[in-house]
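Below: the structure, in structure tokens.
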Amino acid sequence: MSARGKARRRALDILFEAELRGEDPLKILAERVERQDPPVNEYTSTIVEGVARQHARIDELITTYSEGWTLDRMPAVDRNLLRGGTYELLWMPDVPEGVVISEWVHLAGELSTDESPQFVNGLLARFKQLKPSLTL
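Residues 1 to 136 in full-length UniProt numbering are what the sequence shown lists, from first letter to last.
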């Protein structure tokens with residue numbers, strides 16, 4: 001797994017833990033940075049901070065464009081995969097869109113249900129297609 005791939009997975013871990021604990025992901029991130037076991041990659045911090053900053057807009061987009069699924073009905077892992085992927089896809093223009101989608105779909109395949117990779121791929125691909133028209 002690439003350094004950015006590991007950073008994405010670590011960001012997902014932090015976002016998922018924050019949701020399960022009902023805490024701010026920035027608080028969990030700060031705890032991990034302070035503990036440094038293992039060290040937190042700068043890219044991990046960028047994703048977690050970005051998701052926290054854009055959380056309302058990201059959840060609005062996921063809710064609007066996920067067909068047949070409400071945010072509350074999605075597995076928690078999928079919600080956070082989509083949050084991380086959506087942030088990276090829409091707010092980090094220096095990262096190739098295909099790489100972003102591929103990496104988050106790969107994580108979905110490793111960590112979630114059998115249907116999750118297809119679901120994550122479909123929604124992120126839709127955001128890629130709509131990106132020029134989305135108000136960010």
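By construction, the Cβ of each residue, glycine as well, lies at the ideal position given by its N, Cα and C atoms.
Owing to the predicted nature of the structure, the values given are computational and were not obtained by experimental measurement.
Check, Outcome
"Helix, strand or coil at Pro117 according to DSSP, with G and I counted as helix", "helix"
"Inter-residue spacing [alpha-carbon to alpha-carbon] between Val51 and Met1", "22 Å"
"CB-CB length for Leu107 against Leu12, believed under 8 Å", "6 Å"
"C-alpha distance - Gly5 paired with Ile62, whole-angstrom precision", "22 Å"
"Three-pair Cβ contact test at 8 Å for the region 122-133 versus the region 20-39", "no"
"Contacting residues, own chain, Cβ-Cβ under 7 Å from Leu71 (five flanking each side not counted)", "Asp59, Ile62, Thr63, Arg79"
"Secondary structure of Val77, DSSP reduced to three states", "helix"
"Backbone secondary structure at Thr63 - three-state DSSP", "helix"
"Beta-carbon spacing of residue 139, Glu88 below 8 Å", "Outside the displayed span of the chain (1 to 136) sits residue 139, for which this structure offers no information."
"Candidates Trp91, Met74, Asp24, Glu23: closest to Thr135 by CA position", "Trp91"
"Per-residue burial, Arg73 [other beta carbons within 10 Å of its own, 16 or more giving buried]", "exposed"
"Distance CB(residue 137)-CB(Glu103) smaller than 8 Å", "This structure cannot speak to residue 137, because the chain is shown only from 1 to 136."
"DSSP-derived helix/strand/coil call for Val51", "helix"
"Rounded C-alpha distance that separates Ser133 from Glu49", "24 Å"
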